[in-house]
Amino acid sequence: MARDKKIQGIIYAFISACAFGFIPIFARFAYNAGITPVTVIFLRFLFSIIILLFYFLINKIDFRIEKKLLPQFAFLGIIGNGATGITLFLSYNYISSGLSTVIHFIYPAIVTLFSIVFFKEKINLRKIISLVFCIAGVYVLIGFSAVKLDIRGVTLSLASGVLYSIYILGIDHSDIRKVDTLVITFYVLIFSLIGALTFGIIDNSISFNFQPQGYVYVVALSLICTIIALSIFAKAIMMIGSSNASILSTLEPITSIILSAIIFGESITINTILGSMLIISSVYILIISKK
Numbered sequence: 001m002a003r004d005k006k007i008q009g010i011i012y013a014f015i016s017a018c019a020f021g022f023i024p025i026f027a028r029f030a031y032n033a034g035i036t037p038v039t040v041i042f043l044r045f046l047f048s049i050i051i052l053l054f055y056f057l058i059n060k061i062d063f064r065i066e067k068k069l070l071p072q073f074a075f076l077g078i079i080g081n082g083a084t085g086i087t088l089f090l091s092y093n094y095i096s097s098g099l100s101t102v103i104h105f106i107y108p109a110i111v112t113l114f115s116i117v118f119f120k121e122k123i124n125l126r127k128i129i130s131l132v133f134c135i136a137g138v139y140v141l142i143g144f145s146a147v148k149l150d151i152r153g154v155t156l157s158l159a160s161g162v163l164y165s166i167y168i169l170g171i172d173h174s175d176i177r178k179v180d181t182l183v184i185t186f187y188v189l190i191f192s193l194i195g196a197l198t199f200g201i202i203d204n205s206i207s208f209n210f211q212p213q214g215y216v217y218v219v220a221l222s223l224i225c226t227i228i229a230l231s232i233f234a235k236a237i238m239m240i241g242s243s244n245a246s247i248l249s250t251l252e253p254i255t256s257i258i259l260s261a262i263i264f265g266e267s268i269t270i271n272t273i274l275g276s277m278l279i280i281s282s283v284y285i286l287i288i289s290k291k
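Here the sequence shown is numbered in full-length UniProt numbering, starting from 1 and rising by one per residue.
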C-alpha cells in the first residue's frame, strides 16, 4: 500500500509539473492581448477562486475550515504563493528571465536542506546526486548568454525560490495537511489574491484595458496552471514529501520548452537536449531510490 501511494505521488508530481509548464504559454498569449503581468497574476487568482467556489456549491462540498487554520493559510497564501509570483515577476526588470528562472529553481535544494536541518529528514547519496543533476539540468536547459548581473534581480529571484520553498514545506509540515487539497488551494488563493491586489494598488500596475480574448487565456491559466497544478502538487507533497516533490517539479521547464517549440516554433538547442537529459536522469535516480 505504501509503495502504491509513493507511485501515485510521483504521478501527481509529474502531472503538476506539466500543468505548471503551461504558464509561460498562456501568459505569453495574455501579454499579447495587452494584459500587464501583475493584472495576469491578479485575474488568475480571482478566476481560480470563482471557479472553485462554483465547483464547491454545485457539488455541495463543505469547504469550511477551522478558524485556527486561517493564519496558516494567510501565511502560505500571501508570503508563500502570492509573494513568490510577485518577486519572480519583479526580478525580470533587472535580469534576464533565463537567469531568474535558474536562480528560482534552487528551491528543490532549499527544500531538501530545510527538511534535513529543521525536520530531520534522512538524506541518502542517491537523493544528493538527483538534486545535483536537477539543478545542473535547469541551469543548462534555460541557457543564456551575455548574462547581466544585477544584485536587485538576483536578490528578488533568490527570494522567490526561498518563498516557494517555504510554501512547499508549509503544506508538508502544518495542520492544513488534514484539509482536502482543493480546499487548501481555495484558501491559499484567497490570500494570494489579497497580496496581489495590495501590490497592484501600491504599484498602480493593475489595468483592465486589454483585448477581450485576454480573458480566455487567463481562465486557462486559472484552471490548468492554478487549480489543477496547485491541488495536484499539494497531493504529491503529502504522498512523497516536500523534497521529493520539489525535485520532480523540475520537469516544469522541460514542458514549457517543448510546448514553446510546438506552439511558437522556437528551436530546440543542444542546451535543451542536455538539460532535459540531466533533469530526466535526476528524476530517474529519485524514482529508483523510492522503489
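We put the beta carbon where it would ideally sit given N, CA and C, even for glycine.
Residue j beta carbon less than 8 Å from that of residue i
i	j	result
CYS225	PHE73	no
ILE184	ILE176	yes
CYS134	ILE51	no
ILE190	GLY265	no
ILE142	PRO253	yes
PRO222	PHE29	Checking the sequence shown, residue 222 turns out to be Ser, not Pro. In this structure, PHE29 does not lie closer than 8 Å to SER222 by Cβ.
ILE240	ILE168	no
SER242	SER157	no
ILE10	ILE287	yes
VAL140	ASN271	yes
Closest by C-alpha distance to residue i, when choosing among the options
i	options	result
LYS127	ILE25, VAL111, TYR139 and ILE61	VAL111
GLY200	LEU274, THR87 and ILE116	THR87
GLN213	VAL40, TYR164 and LYS120	VAL40
GLY80	ALA159, ASN32 and PHE118	ALA159
ARG44	VAL219, SER157, MET277 and GLU252	VAL219
LYS68	SER174, VAL140 and ILE262	SER174
SER91	PHE14, ARG152 and SER267	ARG152
GLY85	ASN244, PRO24 and PHE118	PRO24
LEU53	GLY82, THR269, LEU182 and VAL283	LEU182
ILE206	ILE49, ILE258 and VAL38	VAL38
PHE119	LEU99, THR155 and ASP172	ASP172
PHE208	CYS18, GLN8, ASP4 and ILE35	ILE35
Span of the alpha helix (DSSP H) around residue i
i	result
CYS134	125-142
residue 365	A query on residue 365 cannot be resolved here, the shown segment of the chain reaching from 1 to 291 and no further.
THR84	83-91
ARG28	23-32
LEU223	Unbroken run through LEU223: none, as it is neither H nor E.
GLN72	70-74
GLY195	181-203
ILE258	252-264
8 Å contact criterion, which residue i and residue j should meet: CB distance rounded
i	j	result
GLY161	ILE279	Not a contact, Cβ separation roughly 17 Å.
SER16	ILE227	Not really, about 11 Å apart at Cβ, beyond 8 Å.
PHE42	LEU197	6 Å
ALA95	LEU149	Here residue 95 is Ile; the residue named in the question, Ala, does not match the sequence. Confirmed, Cβ separation roughly 7 Å.
LYS235	TYR12	5 Å
PHE22	LEU259	7 Å
GLN211	ALA33	4 Å
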